[in-house]
Amino acid sequence: MVHQQWPTSHQQVGTCMLLSCGWTNRSVGLAESGLEKFYCTAVHTNVICVLIEQRCIALGAVAHLIQCCGKLFVEHCLYLPDCPSDVICIKSAICWRSDMGTTSRGGVYKVHVVNMSVLLAVAIVLLISIILYLVRDFRRPTNFPPGPPWWSWPHLAQELRHQHLVFQKLSQRYQSPVLGLRLGGELTVVVLSHDLVHQVLTREEFEGRPDTFFLRLRSMGTRKGITFTDGPWWMEQRRFVMSHFRQLGYGKQTMEAIMLSELASLVRRLNNRRCSTSGVTFSSCLAPSVLNVLWVLTAGTRISGEHLDRLLELMGRRMRAFDLSGGTLSRYPWLRHILPNHTGYSLLLEINTGLKNIIMEMIDEHRVLYNPENKRDLVDAFLCEMENRTGEKSTFTEDQLMMVCMDLFIGGSQTTSNTLDFAFLAMILHPDVQRQVHTEIDAVIGHDRAPALNDRRRMVYTEAVLMEVQRLYHVVPLGGPRRVLRDTTLHNYHIPQNTVVVYSLWSVHMDPEHWGDPHVFRPERFLDDDGGLVTSDWLFPFALGRRRCMGETLARNSIFLFFTGILQKFQVSSAPGTEPPSIEPQPGITLSPQPYSAVLTPRDKEY
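Under numbering that gives the first Met the number 0, the sequence shown has 342 at position 343, and the numbering climbs by one with no breaks.
1) Roughly how many whole angstroms lie between the Cα atoms of P371 and M385?
2) Just list the alpha helix (DSSP H) runs in the stretch 548–600, keeping only unbroken ones of 4 residues or longer that don't cross its boundaries, in chain order.
3) Start and end of the alpha helix (DSSP H) containing L178?
4) For V436 and F408, what's the separation of their Cα atoms in angstroms?
5) Where do the N-terminal and C-terminal ends of the beta strand (DSSP E) with V190 fall, by residue?
6) Is it right to say H163 is buried, meaning 16 or more other beta carbons lie within 10 angstroms of its own, or is it exposed?
7) Relative to the alpha-carbon of P536, which residue among I123, L118, V117, V196 has its alpha-carbon at the smallest distance?
8) Considering V289, what are the terminal residues of the alpha helix (DSSP H) in which it resides?
9) Check this for me: beta carbons of P580 and Q593, under 8 Å apart or not?
10) Hey, is the stretch 471–489 in contact with the stretch 498–506, meaning 3+ C-beta pairs nearer than 8 Å?
11) Exposed or buried, K568, counting other C-beta atoms within 10 Å across all chains shown (16 or more means buried)?
12) Is there contact between the stretch 216–231 and the stretch 525–539, where contact requires at least three CB pairs shorter than 8 Å?
13) Would you please state the rounded distance, in angstroms, between the beta carbons of L178 and F166? I believe it to be under 8 Å.
14) Less than 8 Å between C-beta atoms, sequence neighbours within five positions excluded: which residues of the same chain meet that for R366?
15) Would you mind listing the alpha helix (DSSP H) stretches within the stretch 190–274 that are 4+ residues and don't spill past its ends, in chain order?
16) DSSP three-state call for V499: helix, strand or coil?
17) Return yes when the Cβ of G544 is within less than 8 Å of the Cβ of T201, no when it is not.
18) Under three-state DSSP, which class holds H493?
19) Between L313 and the rest of its own chain, which residues show a CB-CB distance below 6 Å, the 5 nearest in sequence each way excluded?
20) Alpha carbon to alpha carbon, how far is Y331 from D81? Give it in angstroms, no decimals.
21) For the pair the stretch 438–447 and the stretch 546–557, tell me if three or more CB-CB distances fall below 8 Å.
22) Comparing alpha-carbon positions, which option in F205, H446, E206, T280 lies nearest V598?
23) Let's test the definition: count the other Cβ atoms within 10 Å of the Cβ of H336 and tell me whether it reaches 16, buried, or not, exposed.
24) For a test of the three-state rule: what should DSSP assign to L368, helix, strand or coil?
25) Would you call the CB atoms of P209 and S192 closer than 8 Å?
26) Give every residue of the same chain whose Cβ lies closer than 6 Å to the Cβ of T414, excluding the five residues on either side of it in the sequence, and list them in chain order.
27) Report yes or no: do three or more beta-carbon pairs, one from the stretch 414–430 and one from the stretch 262–270, lie closer than 8 Å?
28) Whose C-alpha, out of H429, N356, S329, I357, is nearest the C-alpha of Y344?
29) Can you have a look at H43 and say buried or exposed, based on whether 16 or more other CB atoms are within 10 angstroms of its CB?
30) Using only the alpha-carbon positions, how far apart do F609 and F423 sit?
31) State the Cα-Cα distance for the pair C689 and L265, rounded to the nearest angstrom.
32) Use the C-beta contact count for S277: other C-beta atoms within 10 angstroms, 16 or more gives buried, fewer gives exposed.
33) On the criterion of 16 or more Cβ atoms from any shown chain inside 10 Å, does K223 qualify as buried, or is it exposed?
34) Could you check which residue in M241, V190, R172, A122 has the C-alpha nearest to that of H490?
35) Among all the DSSP beta bridges, which residues are the ones paired with L526?
36) Going along the chain, which residues of its own chain have a beta-carbon closer than 6 Å to the beta-carbon of M361, five neighbours each way excluded?
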């Protein structure tokens, strides 16, 4: 370190500009033949002075500016042999004021000089690194499926809410049932044919779930629950939930009694609202009943009043918020740091917090009344596992319990409600089909009792109608994304490990080569010549394989009982003189009908 006594004379140094800047702690020496060198240790300051227009500056002026401003941006603070001793020449460096010490010669400044050529070299290296990263990022892997150039995809990514249609058009353009894309920085393969979708759903190497920011956001910022986890964690938690539901009579008497109780409540609610001049909005009536079936199975009791209203409001806002922000946040998650409000990130955090508070309040109530000898519901059973596994690394934690409840409530209730909403829409649009359903209900169930699950096997036409609803009206057109667990091949293409795989149920259920008239609502396609029910391996709305929807039995039973129970009591139609409801769904991650009002006409004088 060279200490230099600065003169105290002040001279005009030209134009000066103040800027904000950070600081560095790196010292760099300048070695230039015949010139004295300066070094220093930098200190934090918020000011830079940029000196321009003058090539030689009096040392006294430099000292004054250093003392006043704290930092100088100059170009090589060096003594030159041909300059006066009190002048420095401005070449190419950055000079900071550091500490001022006291010696026998008075005030001493330590000066640090960073060579601008070094900074330029660093900038060049950084630029080259970025270019190499982008080249690697945009290079298509060897034998990867065809698709649009990756630089052209961002504008298509904004079509998230119509993505199943965008993928179908791309498949036709590239004449391939498999597409290769890069979405949000992730290698992504889209599969759009019956045979290939079947392979993705049943082959073990496609059972993983992606671990992305957007999926973690949907899971409260965690990688927990059941829907978006994989491996041993997922297998253990899925097995536990399924075992608990079986003990409760999942698919049998206990579950049926819960659903029939909710059906009776739903019919009373519809009967009270049917006299409204605006008609009945099915979506608002179905959601509370469907949710309560899940709530009773999970929490042991119904949810009602303000808690129910608040929960339904948050779930609806959450679905709409993800629909609106998903395209942005899933592709450009870093934008949440810059535009948290405009991307919807702040809103999603607020909604997630509200949902978490409701579920945690329910869990806390269970803790108060918890009795390991009397496990009343899923929450009690989970708390018992948490208690028994104390001291070991366990998947049974409070956060996991909260996310399991969230997966059940959100994943199960909204899809079932939307399917029923579409079913009644279809009855309005196809009154001839509704009349045949009424006829079958009258013949099998009659008017004196509620429908039962045992009636399903005898109500063939009604089952065919519900199958056609699930084929034509797609609540989930794209199945939940998968992650490739190891390098594999599909349709002779190489699929690298950790590639995200998206499969299109829409492409299977709407394939014209198989269905002939896929856009026509025709329940008879699931009936044989003798009027028997025809099952088809081309219809799998709940997916296939080990990751198929674990709530499939509950959903199918709820849809059957609610659908037949309402049509047993009412005829459903649109208001006279109004346009028929639109079959065009509201776009989103999950699809639902456009809002419509229905007129309910009682079929029994008692109602």
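For glycine and all other residues, C-beta sits at the position ideal for the given N, C-alpha and C. A quick note: this is a predicted structure, and the numbers were derived from the prediction, not measured.
On the basis of the coordinates in this document:
1) Counted from its first residue, the sequence shown places residue 371 at position 372. Counted from its first residue, the sequence shown places residue 385 at position 386. Cα to Cα, P371 sits roughly 11 Å from M385.
2) 551–568
3) In the sequence shown, the residue the question calls residue 178 occupies position 179. No alpha helix (DSSP H) contains L178, which is instead part of the beta strand (DSSP E) from 177–182.
4) Within the sequence shown, the letter at position 437 stands for residue 436. Within the sequence shown, the letter at position 409 stands for residue 408. Their Cα atoms are separated by approximately 30 Å.
5) Within the sequence shown, residue 190 is the residue found at index 191, counting from 1. 185–190 is the span of the beta strand (DSSP E), which, as asked, contains V190.
6) If you number the sequence shown from 1, residue 163 lands on position 164. With 16 or more other Cβ atoms within 10 Å, it is buried.
7) In the sequence shown, the residue the question calls residue 536 occupies position 537. Here residue 536 is Asp; the residue named in the question, Pro, does not match the sequence. Here the closest residue by C-alpha is V196.
8) Looking up residue 289 in the sequence shown gives position 290. Element bounds for V289: 281–298.
9) For the purposes of this step, residue 580 is taken as residue 581 along the sequence shown, with counting starting at 1. For the purposes of this step, residue 593 is taken as residue 594 along the sequence shown, with counting starting at 1. Yes, the pair counts as a contact, with Cβ atoms nearer than the cut-off.
10) yes
11) For the purposes of this step, residue 568 is identified with residue 569 of the sequence shown, where counting begins at 1. That one is buried.
12) no
13) By one-based count along the sequence shown, residue 178 stands at place 179. By one-based count along the sequence shown, residue 166 stands at place 167. Sure, about 7 Å apart at Cβ, within 8 Å.
14) Your numbering for residue 366 matches position 367 in the sequence shown. Within the same chain, R366 has close Cβ partners L382.
15) 193–201, 212–217, 230–246, 252–272
16) The residue you call residue 499 lines up with position 500 of the sequence shown. In this structure, V499 counts as strand in the three-state DSSP scheme.
17) Start at 1 with the first residue of the sequence shown, and residue 201 comes out as number 202. Start at 1 with the first residue of the sequence shown, and residue 544 comes out as number 545. Yes; because the gap between Cβ atoms is below 8 Å, this pair is in contact.
18) Here residue 493 corresponds to residue number 494 of the sequence shown, with the count starting at 1. In the structure shown, H493 sits in a strand (DSSP, three-state: E or B).
19) For the purposes of this step, residue 313 is taken as the residue at position 314 of the sequence shown. Same-chain partners within the cutoff: I350, G353, L354.
20) Along the sequence shown, one-based indexing puts residue 81 at 82. Along the sequence shown, one-based indexing puts residue 331 at 332. With a pLDDT of 44 at D81, under the threshold of 50, the modelled position of that residue is not reliable, and the figure given next carries that caveat. Using only the alpha carbons, I get a separation of about 57 Å.
21) no
22) Reading the sequence shown from its first residue, position 599 is the one you call residue 598. Of the listed residues, the one whose Cα sits closest to V598 is T280.
23) The count along the sequence shown starts at 1 and reaches residue 336 at position 337. With fewer than 16 Cβ atoms within 10 Å of its Cβ, H336 is classed as exposed.
24) Taking the first residue of the sequence shown as position 1, residue 368 is located at position 369. If DSSP states are grouped into helix, strand and coil, L368 belongs with the helices.
25) Residue 209 sits at position 210 when you count from the first residue of the sequence shown. Residue 192 sits at position 193 when you count from the first residue of the sequence shown. It is not a contact, given that the beta carbons lie outside the stated cut-off.
26) Residue numbering aside, residue 414 sits at position 415 when the sequence shown is read from its first letter. If we look at T414 and ignore the five residues flanking it on each side, its Cβ neighbours are V474.
27) no
28) Counting from one through the sequence shown, the residue named residue 344 turns up at place 345. Y344 has its Cα closest to that of S329, out of H429, N356, S329, I357.
29) Within the sequence shown, the letter at position 44 stands for residue 43. Residue placement at H43 cannot be trusted, given a pLDDT of 30 that sits under 50; what the coordinates show is reported in the next sentence. Looking at its Cβ environment, which holds fewer than 16 other Cβ atoms inside 10 Å, H43 is exposed.
30) In the structure displayed, the chain extends from 0 to 606; residue 609 sits before or after that span and is not available.
31) The structure shown does not extend to residue 689, since the chain is modelled only from 0 to 606, so the question has no answer here.
32) Here the question's residue 277 lines up with position 278 in the sequence shown. With fewer than 16 other Cβ atoms within 10 Å, it is exposed.
33) In the sequence shown, residue 223 corresponds to position 224, counting from 1. K223 is buried by the Cβ-count criterion.
34) Here residue 490 corresponds to residue number 491 of the sequence shown, with the count starting at 1. Residue V190 is the option with its Cα nearest to H490.
35) Position 527 of the sequence shown, counted from the start, is the residue given in the question as residue 526. L532.
36) Here residue 361 corresponds to residue number 362 of the sequence shown, with the count starting at 1. Cβ within range, chain order: A298.
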